[in-house]
Structures are given as structure tokens and as C-alpha cells.
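Working notes, structure below.
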């Protein structure tokens, strides 16, 4: 009998292609499709749509948080830039004050040096005038003595008033 069953199976071919069983196969196909549809529509698709909605919400929240962080970073950068500008302004002000103090000290030192130089110059000029006057007096005395000696060497008697007048006249110019 076993050989008869094998021969019958070989003659029949594939059972899916047996037209006598098509209505039965179509019935079970429809049952399987309805079950798949029910499983997908009631269980799988709501879960998938829930996951997609949750993911969309997470993405939206992350984008909102990123925008918030961007705003905070922009505000922090503005605060940093303002602090940096204030620090630059303050350093420039301090530098200007230091330069002004240094310039004032320099001006005071220059004024003091100028005053000291002016005092020393006046003293030196007075000293020079005194030396010049003394030298002029000494030259006049020497000139009178030389004139008297010359007149005496010539063998004449020198008149002191005439010698004084002649020397004074020559000294004037």
C-alpha cells in the first residue's frame, strides 16, 4: 500500500494547486488575513503609533530644550561680552588715570627743574656780572698803574686826575 500512496501523491502534484481545495484555502486565507488585520489594528499599530507619538513628543521637547539652551547661551554670551567691554573700559580708564598721574608728576618735576635752573641761572648771571664788574674795576686799576708807570718811565710827573680821566674815557668806549 505504501507504493500506491506514493504513486497517488506523485500524480496529484502540489496540494496548493489542487483546484478542488481552492474554496477551503480561500476560506482559511480570509481567516488569516482577518486575524492579522485584527492583531495589527488592535495591538501592534496602537503600540507603534504610541511609540511614534512619544518619539515625536521627545523630539519636540528636545528641540524646545535646545532652543532654550541656545537662548541661554546667547544671553550668557551677551553678558560675557558686556563684562568684557566693561573690563576693557575700566582698564582704559585706569590706564588713562595712571598716564595722567605720571604726566602730572613729570610736569611737576619739569617745573621744579625749570625753577631750579632759573634760580641757578640767575645766580650765575649775578655772579658773572659781579665778576665782570670786579674785572672791570681791576682792569681800570691795572690800567691806571700801568699808565702812571709809563708816564714815570718817560721821566715826567704824572697827574693822577688826568690819568684817571684818560683811563675812564678809554673804558667807556
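Residue numbers (UniProt numbering): 1 to 173.
Glycine included, every Cβ here is placed at the ideal spot set by N, Cα and C.
Residue i burial status per 10 Å Cβ neighbour count (16 or more: buried)
i, result
"residue 167", "buried"
Minimum C-alpha distance to residue i - residue among the options
i, options, result
"residue 172", "150, 146, 162, 136", "136"
"residue 169", "35, 29, 140", "140"
"residue 161", "120, 69, 145", "145"
C-beta contact flag for residue i and residue j at 8 Å
i, j, result
"residue 165", "residue 158", "no"
"residue 131", "residue 148", "no"
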